[in-house]
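Before any comments, here is the structure.
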Amino acid sequence: MLQDSLSLMPLWAFVAAVGVTLCAGFVKGAIGFAMPLIMISGLSLFLDPLIAIAGIILPIVLSNILQVARFGGAEAMATIRQYWRYILIVCVMIVIVAQFVTAVPTQLFYLILGVPVVVLSVIQLMGVTFHIPQHRRRLAEWGIGALSGALGGMTGTWGPPTVLYLIALETPKAKQMLVQGVVYGLGSVSLLAGHLQSGVLNLTTAPFSAALLIPAFLGMQVGFRLSDRLNPVVFRRATLIVLILAGANLVRRGLMG
2 MLQDSLSLMP
12 LWAFVAAVGV
22 TLCAGFVKGA
32 IGFAMPLIMI
42 SGLSLFLDPL
52 IAIAGIILPI
62 VLSNILQVAR
72 FGGAEAMATI
82 RQYWRYILIV
92 CVMIVIVAQF
102 VTAVPTQLFY
112 LILGVPVVVL
122 SVIQLMGVTF
132 HIPQHRRRLA
142 EWGIGALSGA
152 LGGMTGTWGP
162 PTVLYLIALE
172 TPKAKQMLVQ
182 GVVYGLGSVS
192 LLAGHLQSGV
202 LNLTTAPFSA
212 ALLIPAFLGM
222 QVGFRLSDRL
232 NPVVFRRATL
242 IVLILAGANL
252 VRRGLMG
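Sequential numbering from 2 applies to the sequence shown in this note's numbering.
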């Protein structure tokens, strides 16, 4: 597996990818989201964007299985019934949009990656809140779900719009962690299917993604253990600042090459 991964990149890049994934797993375990954002922002600094997307796919699937498993099957099924419209449109859009990834020029791809990371992270860092009244919920489910799925299919990350959506619904913290896990989990299966079809995840890139399962798992276990001890507000702000810096660098590469 290591030999297959090193066929795509030098050893230092593989080691750096392991480090990025370990950090992303820790953040995911601690706050419940941001793993794809951190991985795609970090890996794209030194890897081809398509290889970076391939690398995050299997760790995303694993991380969300672990997150949902902390709650239980009955609660997960209840969440699916409650949020089925949002989940459905996210999954469908991921599969559709993923088919167009390979046709996007590299510099445009960096902008597509970087701009949403910066904008959505700034929104969360500023503490901007929205409220969705009950009579607008169905429209919001389809609209925000379509945006999240399109972003997920193109960049591998649909977390920030989902977080903002749940906050706008005034979802309690514990329920929010469960809903995020279910949405991300089913979405990650769609991402896997979409990129098997698009060719981004193939016999060459799949071993690299599989190799990153180990640091993703280890990082999440540490994150789970420390999540109750950390100041969640401070940690979340620090994470968002890092994402803004990483996203800004992607935008710079997209504009300047």
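No residue lacks a Cβ here, since even glycine has one placed at the ideal position from N, Cα and C.
| task | May I have the straight-line CA-CA distance separating residue 186 from residue 62, to the nearest angstrom? | result | 6 Å
| query | Ordered along the chain, which non-local residues of its own chain (more than five positions away) have a Cβ less than 8 Å from that of residue 252? | reply | 111, 112, 115, 116 and 119
| query | Would DSSP call residue 78 helix, strand or coil? | reply | helix
| field | Segment limits, alpha helix (DSSP H) that includes residue 90 | value | 85-99
| Cβ-based burial, residue 144 [other Cβ within 10 Å; buried from 16] | exposed
| said: DSSP three-state label for residue 204, please. | reply: coil
| Separation of residue 22 from residue 52, as counted between CA atoms | 14 Å
| Taking the alpha helix (DSSP H) that residue 155 falls in, what are its first and last residues? | 138-156
| Among 128, 72 and 154, which has the Cα closest to the Cα of residue 180? | 72
| By how many angstroms is the C-alpha of residue 170 removed from the C-alpha of residue 217? | 30 Å
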